[in-house]
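Asker: Heads up, the sequence shown is in numbering that gives the first Met the number 0, so the first residue is 0 and it goes up one at a time.
My questions will all concern the structure given below.
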Amino acid sequence: MNRPILRNPPSNSKGISLIEILLGLAVLVIMLSFAVPSATGAVIKAELSVAVENVQYSMHVARQTARINEKSIAMTLISDKDTIPSQSITFAATEPKNNGLVQIQDFNIPPEIMLISDQDSYIFDERGLVKNPGAILLVSREDESITSTININ
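Spelled out as structure tokens, the structure:
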């Protein structure tokens, strides 16, 4: 009997076929398409978190400066709504001593974050207490569902 000899019988084949490679790539692309939006959201949340920490630190420094110098400090929220939105927080002494200058660095809000407040300025008295408590809301311009509230009291 003459039987043909197969050089590579199907049961003994080794390696990956082209179809298996393409199927694996398709699954990988689908998984990455779910991961990319969540990574973008994580970046937005991180940027907002940094802005919140900077605003809180600036308020802390304003309170400490008011206590140490025993004079009121005004924290003013400035919003320039021209073509490029620019928002910042500035600090100044409310008393004419030293021309109202204080050694607190102004803070510029990143352009991708919107600052909303119920007041234009907050005054920390000589004890570091706020005269008119309120709140500042920071909102991401890229995803308005990502927000953070800072209570000023």
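Backbone N, C-alpha and C define an ideal beta-carbon position, used for all residues, glycine too.
(1) Rounded to the nearest angstrom, what separates T75 and E141 at their Cα positions?
(2) For I103, tell me which candidate among V54, P132, S78 and F90 has the shortest Cα-Cα distance.
(3) Answer with buried or exposed for L47, where buried requires no fewer than 16 other C-beta atoms within 10 angstroms of its C-beta.
(4) Spatial neighbours of I115 within its chain, please: C-beta separation below 6 angstroms, excluding the five flanking residues on both sides.
(5) When DSSP labels each residue in this structure, what does N53 get in the three-state scheme?
(6) Does DSSP put I145 in a helix, in a strand, or in coil?
Answerer: Taking the geometry as given:
(1) Cα-Cα distance, rounded: 25 angstroms.
(2) Residue F90 is the option with its Cα nearest to I103.
(3) With 16 or more other Cβ atoms within 10 Å, it is buried.
(4) By the criterion of a C-beta distance shorter than 6 angstroms, I115 is surrounded in its chain by L136, once the five residues flanking it on both sides are discounted.
(5) DSSP places N53 in helix when its eight states are reduced to three.
(6) Note: I145 maps to coil in three-state DSSP.
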